[in-house]
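In what follows, a structure is listed as structure tokens, so that the remarks can point back to it.
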Amino acid sequence: DAGITQSPRHKVTETGTPVTLRCHQTENHRYMYWYRQDPGHGLRLIHYSYGVKDTDKGEVSDGYSVSRSKTEDFLLTLESATSSQTSVYFCAISGGSSGGAPDNEQFFGPGTRLTVL
Amino acid sequence: KQEVTQIPAALSVPEGENLVLNCSFTDSAIYNLQWFRQDPGKGLTSLLLIQSSQREQTSGRLNASLDKSSGRSTLYIAASQPGDSATYLCAVPIQGAQKLVFGQGTRLTINP
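The listed protein sequences correspond, in order, to chains A and B.
Each residue of the first sequence is one higher than the one before, counting from 2 in the working numbering.
Each residue of the second sequence is one higher than the one before, counting from 2 in the working numbering.
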């Protein structure tokens, strides 16, 4: 949807290992986001980016880091995965190719299901 | 702190009925409100985006309204079909930012 891919789509890992999730867009949108979705908590923002190398924290950023070295890629890293980070992770984009305005639509990727044993 | 609430959490209706899903938010100073659909195991699909200056937005059988002063939005689905079965979420951006705050969603089941 809207030219957003996430990789991997599924991952099982062990506690304490590093994990990197990738979001790739072909839409040249300015803003990119990482959310997690958990039963009982809904969707919560982890980090977002408002341009290359420009990122900021969201509601649940502890234990996560992000990087954006190119417009099209936004990486989410769990430095040392814990069982509480078992979740479905969604990437989203907004802002259009011209830079966009705060009221643009957000478009979501297909999600990555991460299980930390 | 902006809070978004969707009631009911689940709704089951027979095919063909018109129905309304509700979304309320605590801070009325919003730029827009967005409605999404999520099928099981899938990502979110944007249905409608209502700007703060608009009162409603339509797409096919869907009509979304926005009343900022009362902190409410409704999603009206006309002539419901089994294919409309999904979870519907609403979301608003935190004032002055791109960050969305989501409701918990309404799980809709349309029975043939």
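Note that CB positions come from ideal geometry on N, CA and C, so glycine has one too.
Check: Can you give the Cα-Cα distance for Y34 (chain A) and Y49 (chain A), rounded to whole angstroms?
Finding: 4 Å
Check: Can you list, in chain order, the residues of its chain whose CB lies under 8 Å from that of G106 (chain B), leaving out five sequence neighbours each side?
Finding: Q7, A10, Q39, T88, Y89, L90
Notebook entry, point to check: DSSP on D28 (chain B), reduced to helix/strand/coil?
Noted result: coil
Checklist line | Test: A87 (chain B) CB closer than 9 Å to a CB of chain A | finding: no
Check: Residues of chain A with a CB under 8 Å from the CB of Q55 (chain B): which are they?
Finding: Here the premise fails: no neighbours, minimum Cβ distance about 11 Å.
Notebook entry, point to check: Can you list the residues of chain B that G4 (chain A) reaches, using a CB-CB cut of under 7 Å?
Noted result: Here the premise fails: no neighbours, minimum Cβ distance about 13 Å.
Notebook entry, point to check: Do F103 (chain B) and V21 (chain B) have their C-beta atoms within less than 9 Å of each other?
Noted result: no
Next item on the list: For D85 (chain B), I'd like the list of residues in its chain whose CB is within less than 7 Å of its CB, leaving aside the five on either flank, ordered along the chain.
Entry: I78, L109, I111
Item checked: Beta-ladder partner(s) of P15 (chain B), from DSSP -> B:N112
Check: Nearest-angstrom Cα distance between L22 (chain A) and D55 (chain A)?
Finding: 18 Å
Margin query: Does N105 (chain A) come out as helix, strand or coil in the three-state DSSP assignment?
Written below: coil
Margin query: My output table needs one value for G84 (chain B): the three-state DSSP class, helix, strand or coil.
Written below: helix
Item checked: DSSP state of Q39 (chain B) mapped onto helix, strand, coil -> strand
Notebook entry, point to check: Shorter than 9 Å from the beta carbon of P111 (chain A) to some beta carbon of chain B?
Noted result: yes
Checklist line | Cut-off 6 Å between Cβ atoms - residues of its own chain near T27 (chain A), not counting five sequence neighbours on either side | finding: G4
Check: Does L115 (chain A) get closer than 9 Å to chain B when you measure Cβ to Cβ?
Finding: no
Notebook entry, point to check: Q52 (chain B) and N64 (chain B): beta carbons closer than 9 Å?
Noted result: no
Note to self: Does any residue of chain A have a CB that is nearer than 9 Å to the CB of S70 (chain B)?
What the structure shows: no
Next item on the list: Could you tell me whether any Cβ in chain B is nearer than 9 Å to the Cβ of R45 (chain A)?
Entry: yes
Next item on the list: Please go through the stretch 15-97 of chain A and give each complete alpha helix (DSSP H) segment of 4 or more residues, from N-terminal end onward.
Entry: none
Note to self: Less than 9 Å between the C-beta atoms of R31 (chain A) and S88 (chain A), yes or no?
What the structure shows: no
Note to self: Per the DSSP calculation, I5 (chain A) is bridged to which residue(s)?
What the structure shows: A:Q26
Notebook entry, point to check: Buried or exposed: which applies to P94 (chain B), given that a residue is buried once 16 or more other Cβ atoms fall within 10 Å of its Cβ?
Noted result: buried
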